[in-house]
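Visitor: Here you go, one structure.
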Amino acid sequence: MSKVQLAISPLTWSNDDMPSLGGEIALETCLAGMHQAGFKGSEMGVKYPRTTDELKPKLEENGLVLASGWYSLELCHRSVEEEIDAVQSHLALMKGCGCKVMVAGEVSNTVHGDIEKPLSTRVVLTDEEWKEYGAKVTQFADYLKEHGIRLAFHHHVGTVFETPRDFEMFMQYTGPSVGLTFDTAHATYGGGNAAEIIRLVGERIVHFHTKDVRLDVMKDAREKDLPFLKAVLNGVFTVPGDGDLNWDEIFAALKNFDYEGWLVVEAEQDPAVAHPQTYADMAYKNLTAYVAKAGL
């Protein structure tokens with residue numbers, strides 16, 4: 001029996017960082033489309049209710065459960081105590097919906113959400129800053145673990161956690177309580193090889209985002225130093241199997257760590273260009289085939 005479950009992010013239908021993309025698409029359309037494609041789980045989006053009593057039944061009506069939901073960390077600026085205070089409502093939602101992990105990324109100094117800021121302007125932490133930051137992330141993860149939730153730290157282009165070096169810093173300066181949301185496309189866009197990085201960090205992976213990359217679009221974006229959101233609009237990302245990543249190699253690397261958990265399709269595109277249901281259906285078909293081939 002497979003140890004993985006398949007979920008999809010609502011970013012296929014509407015974009016949290018650019019609300020104008022798919023802003024007119026109703027939540028009900030999104031959830032029904034997830035179910036129609038075959039997915040059993042969903043991640044949070046800005047259109048989702050923020051209480052368990054509202055969200056859980058809405059998901060269940062469409063045969064879905066909540067796989068996780070993004071939390072915006074600000075530990076570069078906040079104390080651990082301040083972050084713990086800030087996370088309470090989100091933690092209650094994750095626990096109430098039965099989630100085992102909390103996806104979180106550092107946003108206090110990110111440039112990925114600003115369509116005018118080139119990626120070259122991102123903040124780069126020194127080794128000493130990584131050491132201090134890693135200690136804070138670990139304390140925060142320890143707190144979540146006490147409440148039955150594993151922190152699934154998300155590396156992301158435009159944040160302090162982007163490059164292969166950042167993965168090395170993450171492994172060196174965070175404790176074992178800090179899990180990782182591995183994202184195939186962000187690992188690639190950040191300058192690495194997804195399979196190689198999985199082999200480095202696989203023991204920490206507790207959540208997995210599957211996203212393909214159109215390498216020609218990525219190369220153009222890097223050469224022109226485009227802001228992240230402009231690259232998204234140009235179509236840098238797509239669903240697994242529709243881009244240029246080697247999925248057999250990626251899932252073979254993941255298989256070596258006996259991964260158990262969610263495989264989430266998180267492939268933001270412009271829904272006016274990439275028809276959401278068409279791409280959701282494609283994603284489920286391709287991902288199911290890759291999982292079966294890898295024996296996950």
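All letters in the sequence shown, in the order written, are residues 1 to 296 by full-length UniProt numbering. Glycine is no exception: its CB is placed at the ideal position from the N, C-alpha and C atoms.
1. Could you please give me the residues that DSSP links to residue 104 through a beta bridge?
2. Excluding the five sequence neighbours on either side, which residues of its own chain have a C-beta within less than 6 Å of the C-beta of residue 109, listed in chain order?
3. Cβ atoms of residue 80 and residue 139: under 8 Å apart, would you say?
4. Can you tell me the Cα-Cα spacing of residue 283 and residue 156, whole angstroms?
5. Could you check where the alpha helix (DSSP H) with residue 300 kicks off and where it finishes?
6. With residue 209 as the anchor, note down where its beta strand (DSSP E) starts and where it stops.
7. Determine contact between the stretch 2-20 and the stretch 262-278, defined as no fewer than three beta-carbon pairs at a distance below 8 Å.
8. Looking only at C-alpha atoms, which of 267, 40 and 107 sits nearest to residue 239?
9. If you follow the beta strand (DSSP E) that residue 42 is part of, which residue opens it and which one closes it?
10. Please return the same chain residues whose Cβ sits closer than 7 Å to the Cβ of residue 87, not counting the five positions on each side in sequence.
11. Does the stretch 104-120 come into contact with the stretch 57-64, if we say contact requires no fewer than three beta-carbon pairs (one atom in each stretch) closer than 8 Å?
12. Write down the C-beta distance between residue 208 and residue 263 rounded to the nearest angstrom, noting that I regard them as a contact closer than 8 Å.
13. Taking only beta-carbon atoms, is residue 254 less than 8 Å away from chain D?
14. Could you check how far apart the C-beta atoms of residue 121 and residue 153 are, in whole angstroms? I think they sit under 8 Å.
15. Using the C-alpha atoms, what's the distance from residue 53 back to residue 215?
16. At the level of alpha carbons, what is the spacing between residue 224 and residue 164?
17. Expressed to the nearest angstrom, what Euclidean distance is found between the alpha-carbon atoms of residue 96 and residue 55?
18. At the level of alpha carbons, what is the spacing between residue 293 and residue 48?
19. Once the 5 residues before and after residue 281 are set aside, which same chain residues still bring their CB inside 6 Å of it?
20. For the structure I just gave you, are there three or more beta carbon pairs, one from the stretch 169-177 and one from the stretch 241-255, closer than 8 Å?
21. Please give me, in chain order, every unbroken run of the beta strand (DSSP E) with length at least 3 that falls completely inside the stretch 254-295.
22. Could you have a look at residue 123 and say whether DSSP puts it in helix, strand or coil?
23. Which residues mark the beginning and the end of the beta strand (DSSP E) in which residue 179 is found?
24. Assuming the contact rule is C-beta atoms closer than 8 Å, residue 300 and residue 7 should be a hit. Round their C-beta distance to whole Å, please.
25. Is residue 260 closer than 8 Å to residue 4 when the C-beta atoms are compared?
26. Enumerate in chain order the residues of its own chain whose CB-to-CB distance from residue 235 is below 8 Å, with the five nearest sequence positions on each side excluded.
Guide: On the basis of the data shown:
1. Listed as beta-bridge partners of residue 104 by DSSP are 71 and 153.
2. If the five residues before and after residue 109 are omitted, its C-beta is found closer than 6 Å to the C-beta atoms of 76 and 123, all from its own chain and listed in chain order.
3. Cβ distance < 8 Å, so residue 139 and residue 80 count as in contact.
4. Between the C-alpha atoms of residue 283 and residue 156 there is a straight-line separation of about 21 Å.
5. This structure does not reach residue 300, given that the chain is present from 1 up to 296, and the question cannot be answered.
6. 205-210 is the extent of the beta strand (DSSP E) around residue 209.
7. Between the stretch 2-20 and the stretch 262-278 there are three or more inter-stretch CB-CB distances shorter than 8 Å, so the stretches are counted as touching.
8. Closest option to residue 239, Cα to Cα, is 267.
9. For residue 42, the uninterrupted beta strand (DSSP E) segment begins and ends at 41-43.
10. Excluding positions up to five away in sequence, the list reads 71.
11. A contact is defined here as three or more CB-CB pairs under 8 Å, and the stretch 104-120 fails this definition with respect to the stretch 57-64.
12. Correct: roughly 5 Å between the Cβ atoms.
13. Going by chain labels, chain D is absent from the structure shown, which holds only one protein chain.
14. The C-beta separation of residue 121 from residue 153 comes to about 22 Å, leaving the pair out of contact by the 8 Å criterion.
15. Rounded to whole angstroms, residue 215 to residue 53 spans 42 Å at the Cα level.
16. Annotation: residue 224 to residue 164 spans about 21 Å, alpha carbon to alpha carbon.
17. Spanning the two alpha carbons is a distance of roughly 10 Å.
18. Distance between the alpha carbons of residue 293 and residue 48 is about 34 Å.
19. For residue 281, where only same-chain residues beyond five positions count, the Cβ hits under 6 Å are 37.
20. They do not touch, by the three-pair rule.
21. Qualifying beta strand (DSSP E) stretches, in chain order: 261-265.
22. Correct three-state label for residue 123: coil.
23. That run of the beta strand (DSSP E) goes 178-183.
24. In the structure displayed, the chain extends from 1 to 296; residue 300 sits before or after that span and is not available.
25. Yes, the pair counts as a contact, with Cβ atoms nearer than the cut-off.
26. If you ignore the 5 residues before and after residue 235, its C-beta comes within less than 8 Å of the C-beta of 214, 217, 269, 270, 273 and 274, all in its own chain and listed in chain order.
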